[in-house]
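Position 381 of the sequence shown, counting from 1, maps to 381 under the working numbering, and the rest follow consecutively.
All remarks here apply to the structure that follows.
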Amino acid sequence: MVAAICSKIGCEQSIHVSIGRWPGGINDRGGFVIECANCGHQSYIPVSNPDDASSVTSGGRIVATWDNDIQSLSDVLDAHGLTFADELKDNMLLIPSTEPDDPQFVLEERPIYRCLACNDELERAAYDELAKSLEAINERLRSHFIYFLKGRHRVPDTIEVTLEFTCACTTYPMIFHRPFSETNPVVKNVLEFVLAGPDDAAMLTDIDGVYSRDDCVEIFKKLLLRWRARHRLVMLVVPFIGLDYRGREENRVDLWNMVLGYTDPARTLLVTRRPTYNGFVEAAKSQGIDIKALAKFNLLSPLVDELGQKGALFKQQSHAKFYAAVGRDSTEVLSGSFNIHTGKFVENLLFKTYTTKDFVARYLVPLGVVYNPDLLKAERAVLAIGIEDGQVKSFASRTVS
């Protein structure tokens with residue numbers, strides 16, 4: 001992908017262009033004429049395969065394409081009243097990561113869902129049960145997608161699958177989530193789904209205890225996946241992210257990337273110390289990542305971008321550490337001694353559920369932190385699939401808060 005800035009002087013709109021190439025095949029040469037979404041000015045950029053594999057992903061829209069074998073660049077510029085000065089400027093080439101866009105639920109890491117009666121680990125068994133239904137789920141998704149393309153269905157925010165399975169002593173309902181994708185409508189692997197657990201968070205009290213920091217991170221990641229799938233607001237109150245030691249810069253950046261990757265910036269409030277944020281910026285710079293440049297090209301996570309601009313998210317005189325998923329009525333809270341660090345040192349964790357009213361009174365009022373209550377009013381479009389005996393028994397679109 002290429003990130004660039006609108007060619008009009010004074011307009012700082014970032015425009016992202018995906019450059020597609022056919023490995024081992026014929027790649028046409030040409031380009032796009034792009035209208036800026038901010039100011040309406042037209043710019044141009046040379047790209048490979050302008051008529052099929054390349055596209056504009058944000059910041060503007062394509063108003064014309066050209067193929068070098070058919071038109072010259074000069075003819076294109078003349079036709080649109082452009083000059084060579086209108087080429088998209090300040091290009092930044094981004095190398096796509098080989099990592100999946102969405103983090104996965106890692107079965108090999110410390111489980112958070114256990115039966116409190118027989119102590120059976122429930123995660124792998126839940127995914128095994130989901131795998132039995134995958135063909136039936138995909139059959140319904142294909143049918144739904146045909147109607148979606150015809151405009152008969154709205155775009156769902158998420159696909160939710162609910163199924164029941166039995167451990168040694170108890171039958172549990174388990175809920176899985178997967179983002180809806182227009183480019184990948186069917187599911188190739190069950191791990192594309194995130195296990196968001198049951199509605200009842202009682203079994204998560206098995207989290208309580210003392211663990212190494214590495215184990216704490218594994219538990220924390222699975223909770224973040226649950227919260228991102230199920231809750232409208234996630235709050236991370238943590239004074240330290242990564243150790244501020246020379247030689248640990250890469251680890252610090254990795255931990256920040258983990259936080260950013262496992263959360264939805266639009267629904268996450270991060271409260272930390274200003275030196276912690278500044279340390280991240282310096283650590284990123286030492287690893288060749290220029291935070292200011294990423295912000296310029298609109299490539300910075302909104303979560304980090306807000307930290308750089310809003311002092312209200314910084315709490316200097318605080319060592320409070322808690323992580324919460326806030327709902328309209330109830331709030332899940334992970335607390336203890338755990339900062340977001342890795343290593344073999346041990347920390348204690350405690351998981352509790354409060355009414356949201358009690359959570360605000362106990363945690364936020366003393367800290368002097370507020371959140372936008374409108375976030376809790378937001379609704380999501382869910383494509384809900386109910387599974388019984390490996391078959392789809394219910395399939396419906398619904399709106400949830």
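Beta carbons: idealized from backbone N, C-alpha and C, even for Gly.
Asked	Found
Cβ-Cβ distance between Ser18 and Ser54 below 8 Å	yes
4-residue-minimum alpha helix (DSSP H) runs that sit fully inside the segment 196-249, ordered along the chain	213-230
Proximity to Glu87 [Cα-Cα], best of Tyr44, Val76, Ile159 and Thr356	Tyr44
Straight-line Cα distance separating Leu243 from His319	15 Å
Residues near Tyr371 by beta carbon distance below 8 Å, same chain, minus five either side	Leu233, Met235, Leu269, Val326 and Leu364
Best match in Glu218, Asn348, Ser330 and Glu379 for proximity to Ala361 [C-alpha to C-alpha]	Ser330
Close beta carbons around Thr166, own chain, < 8 Å, minus the five adjacent residues each side	Tyr172
Complete runs of the alpha helix (DSSP H) confined to the segment 65-147 [at least 4 residues]	73-79 and 123-132
DSSP beta-bridge partners of Ala381	Thr399
Nearest-angstrom Cα separation, counted from His80 out to Glu108	57 Å
Proximity test, Phe32 beta-carbon vs the ligand ADP heavy atom, cut-off 7 Å	The model on display carries no ligand, and the ligand ADP is accordingly not part of it.
Secondary structure of Arg154, DSSP reduced to three states	coil
Close beta carbons around Tyr354, own chain, < 6 Å, minus the five adjacent residues each side	Thr331
Cβ pair count under 8 Å reaching 3, the segment 211-229 against the segment 133-140	no
Exposure label - Phe220; buried when at least 16 CB within 10 Å	buried
Three-pair Cβ contact test at 8 Å for the segment 52-66 versus the segment 24-36	yes
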